[in-house]
Every structure is written in structure tokens, then in C-alpha cells.
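Per the working numbering, residue 1 is the first one in the sequence shown, and the count goes up by one each step.
Every residue, glycine too, gets a C-beta built ideally from N, C-alpha and C.
Right, one structure below, let's go through it.
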Amino acid sequence: MNYRPFGAKTDFAVSALGFGCMRLPVIGGDQAAVDEPEATRMLRRAVDGGVNYVDTAYVYHAGGSERWLGRALAGGYRAKVRLATKLPVWSVAEAKDFDRFLDDQLARLATDRIDFYLLHCLHEGVWPKLKGLGVREWLDAIVRDGRAGAVGFSFHDRLSVFKEIIEDYAGWSMCQIQYNYMNEDVQAGTEGLKFAAARGLAVVIMEPLLGGALAAPPPSVRAALEGAGGVSPAELALKWLWDKPEPATVLSGMSTMDQVEENLAAAARAGALTAREREAIERARAAYRALDAVPCTRCGYCLPCPNGVDIPRNFQLYNDARLFGEVGRQLNRNLYAQLAAEKRASACLRCGECETRCPQRIAVGEQMEKVAQALG
Numbered sequence: 001m002n003y004r005p006f007g008a009k010t011d012f013a014v015s016a017l018g019f020g021c022m023r024l025p026v027i028g029g030d031q032a033a034v035d036e037p038e039a040t041r042m043l044r045r046a047v048d049g050g051v052n053y054v055d056t057a058y059v060y061h062a063g064g065s066e067r068w069l070g071r072a073l074a075g076g077y078r079a080k081v082r083l084a085t086k087l088p089v090w091s092v093a094e095a096k097d098f099d100r101f102l103d104d105q106l107a108r109l110a111t112d113r114i115d116f117y118l119l120h121c122l123h124e125g126v127w128p129k130l131k132g133l134g135v136r137e138w139l140d141a142i143v144r145d146g147r148a149g150a151v152g153f154s155f156h157d158r159l160s161v162f163k164e165i166i167e168d169y170a171g172w173s174m175c176q177i178q179y180n181y182m183n184e185d186v187q188a189g190t191e192g193l194k195f196a197a198a199r200g201l202a203v204v205i206m207e208p209l210l211g212g213a214l215a216a217p218p219p220s221v222r223a224a225l226e227g228a229g230g231v232s233p234a235e236l237a238l239k240w241l242w243d244k245p246e247p248a249t250v251l252s253g254m255s256t257m258d259q260v261e262e263n264l265a266a267a268a269r270a271g272a273l274t275a276r277e278r279e280a281i282e283r284a285r286a287a288y289r290a291l292d293a294v295p296c297t298r299c300g301y302c303l304p305c306p307n308g309v310d311i312p313r314n315f316q317l318y319n320d321a322r323l324f325g326e327v328g329r330q331l332n333r334n335l336y337a338q339l340a341a342e343k344r345a346s347a348c349l350r351c352g353e354c355e356t357r358c359p360q361r362i363a364v365g366e367q368m369e370k371v372a373q374a375l376g
């Protein structure tokens, strides 16, 4: 395993690969039913392989992620990792909610300290409210009383908002941003990455594979990557990040043991990109942009839809249909038809509620109409 400095405000050397707990293996397709034996086996293999940063959140797997993790880190594993989790800021109505959520999370995780406590999914609409409730003073207090080792935030909004949040509070030690070779100018982007790192913050990368899309590219993109010298699409995307000095660690939401093994091997080989690899990535960017798919990462923040539409599933079917040609279109028309009527894109009422929560700022209502036309 390779290790990197965790910003300038800590003395922590973090593993290049972090273990993300949002896409754990589940039973029967139920995201609330974590396959605990397999997930635990995966986590412990990753830690034994050198991973020392584990990231979860209050809402992952309908709360099951934190509860499982508290059990999985027993037997000495808690002492081997730095633990990060997140406050669900959208559920905060009054100041006393800060302590209510944190104390619940400490109990769920069976620990008396969160090493890195993040405000989850900060954006322009919620940050002023949190400041008004005294969140900055509260963050100072939980570091003083030891319930948090350090504090930070995860982010899905415009670059200008990202900079404002960083400059609004001197206590940040780290931040978490979506970043990959297709998202250099999306949200915080490259400029935000450099801005945060220059101010001493550790920058944790999420969505390095864009919800898995960069690991399983369509034929036109795979052909563009053939000149990379045999490096897999997933490893190439990770290596693009590890090639940069600013990222502290790259989170991977792994769902299988094979993915754990592949990522551990990639992290052990992490080094500078070759000229051939850089050229292959440039070709892949052009090939992806030609496909013009909806930029949904299936994070699920848009759910629940008040009318019952399964928004991520509809976008997945639509994107896959576009990416895989006529065979994909026919297959996904059939899969779309198998969805319950209320879950289909055609049931969207364009109320706009999901659009206020979408990290990618997708015009969901407009796109749902296109999905219904393409697959209905």
C-alpha cells in the first residue's frame, strides 16, 4: 500500500485507497439488508492489505452501514483505521439535532470518537441555515470534547460555493469532493481541489469511477483505452487521481471481494501516469462525451420520490441503452417494462423536489420525459 499526507493540519499518513461503505454487498437486492459476513470479510481484507481510512454516513444503506461497521471493526480493527462518518444536514431542524445525530452515530459505530466528522453534502441552500444554528461553534466543541478528532464536509455544488464554505470556517481539516477524469470541471473540480489543498485541507476523493461507469466503459471508450498498455479501465481511472499530488485518499465503494483485491493491487502499483496512459485517457474523454449520457452516479440522494419513481434505475436503464447500441436499447426497454408503473419515468410529475437534492444538478423532470420516450 502507498500512503500520502492527510493534508497539512494532521500528522496522519493515509492509505492511497480508502474503503467507502455506500455500496456494500446486500441480500436479495435490498439496499437496507447488508450482507454482513461478506461485507466484513471484504473490509477486514482491505485493512489487512493496508487500507487505514473507512468512510460511511448516517444514511448509507438506510442506516445499516454504520450499524454494520460498528460490528465489523470489532476484534482490534477499530484501532487500525481512521473512521469518517457524516451528519445528515438536511435533517437538522434545530441546534439540538447536532448532538442528537452525533450521539446516535457514536452508539451505532460502537465508538466514543469519530476521527473525521463531516457535514454531509454541503451546498448553498443549507450552509447559511447551519451557520445560523451555530454549527461552527458546535464543531469546535466536539473537537474539544473529543467526540471528533477533526471535522470536514462533503460537497456537491458550484465552485464558488465550495470556496465560500472553506473560507467561512477556519476549523476545517478536510473536505470530500466528487472528482474523476470526466469531472475536472464539475462541482469543485480541479480548481477546487487545488484551492482546498493549498489551504492545508486534506482532500478525499469520492466517485473516482463515476458510479462505476468508468470501470465498465462502452465499446467505443474501451477501444479508446486500448493504447494504455494493458491497464484496466478502473485502474487507469484511479491512477489518474493518484498521479496528482493534491488528493489525500481515493474512496472506492466496493461491492465484491474481487473489487477489493483489484483495488488493493492497483493501490500498491500507484505511480505516475505514462505518456501512453495520458493519451488513452484523453481519447476516452472524447469518446464518453460523444455518447452524451445523463451524468447520474446513482447516489440515491434524489430518493424517495414523492410519486414513487425510481429515478436512479430509470437513468441507469436510459444511459445503458444509449451506451450499448440497439441490443442495449431493446434489453432495457424490456427491463423498463418490468418496472412497476409508479416506478417508471412516465410517472414523473415534474414537481422538482428531487432536483433540489441532486448533487449533479440534473434537470430530472426534463430527463425523465426523455427516458419515457426512449424506453416506454
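Could you pull the DSSP bridge partners for Trp172 from this structure?
Val151
| task | Write down every uninterrupted run of the beta strand (DSSP E) in the stretch 23-79 whose length is 3 residues or greater and which is fully enclosed by it, in chain order. | result | 30-34, 53-55
ask   = What whole-angstrom Cβ distance do Val14 and Tyr53 have, given they're in contact under 8 Å?
value = 5 Å
Thinking C-alpha only, which one of Gly18, Phe155, Phe98, Gly146 is nearest Tyr301?
-> Phe155
State buried or exposed for Glu246, treating a residue as buried only when at least 16 other CB atoms are found within 10 Å of its CB. buried
Per DSSP, Met206 forms a beta bridge with which residues? Gln178
*asked:* Could you check whether Ala228 and Leu238 sit closer than 8 Å to each other, using their CB atoms as the reference points?
replied: no
For Asn183, count the other beta carbons within 10 Å of its own beta carbon; 16 or more makes it buried, fewer makes it exposed. Which is it? buried
_Coil, strand or helix - Lys86 by DSSP_ = strand
*Under the DSSP definition of a beta bridge, which residues are partnered with Arg4?*
Val14
> Is the number of C-beta pairs between the stretch 119-128 and the stretch 140-155 that are closer than 8 Å three or more?
Replying inline: yes
Whose C-alpha, out of Gly63, Ala321, Ala95, is nearest the C-alpha of Pro218? Ala321
To which residues of the same chain is Gly335 closer than 7 Å at the C-beta, ignoring the five residues directly before and after it? The question names Gly, but residue 335 is Leu in the sequence shown. The answer, listed in chain order, is Leu317.
- Query: Any idea what DSSP makes of Cys121, helix, strand or coil?
  - Reply: strand
task = Have a look at Ile362 and Ala286 and give me their C-alpha separation to the nearest angstrom.
result = 21 Å
Open item on the list: Tell me the DSSP secondary structure of Thr249 in three-state form.
Closed with: strand
Pull up the distance between the alpha-carbon of Leu241 and that of Ala196, whole angstroms please.
16 Å
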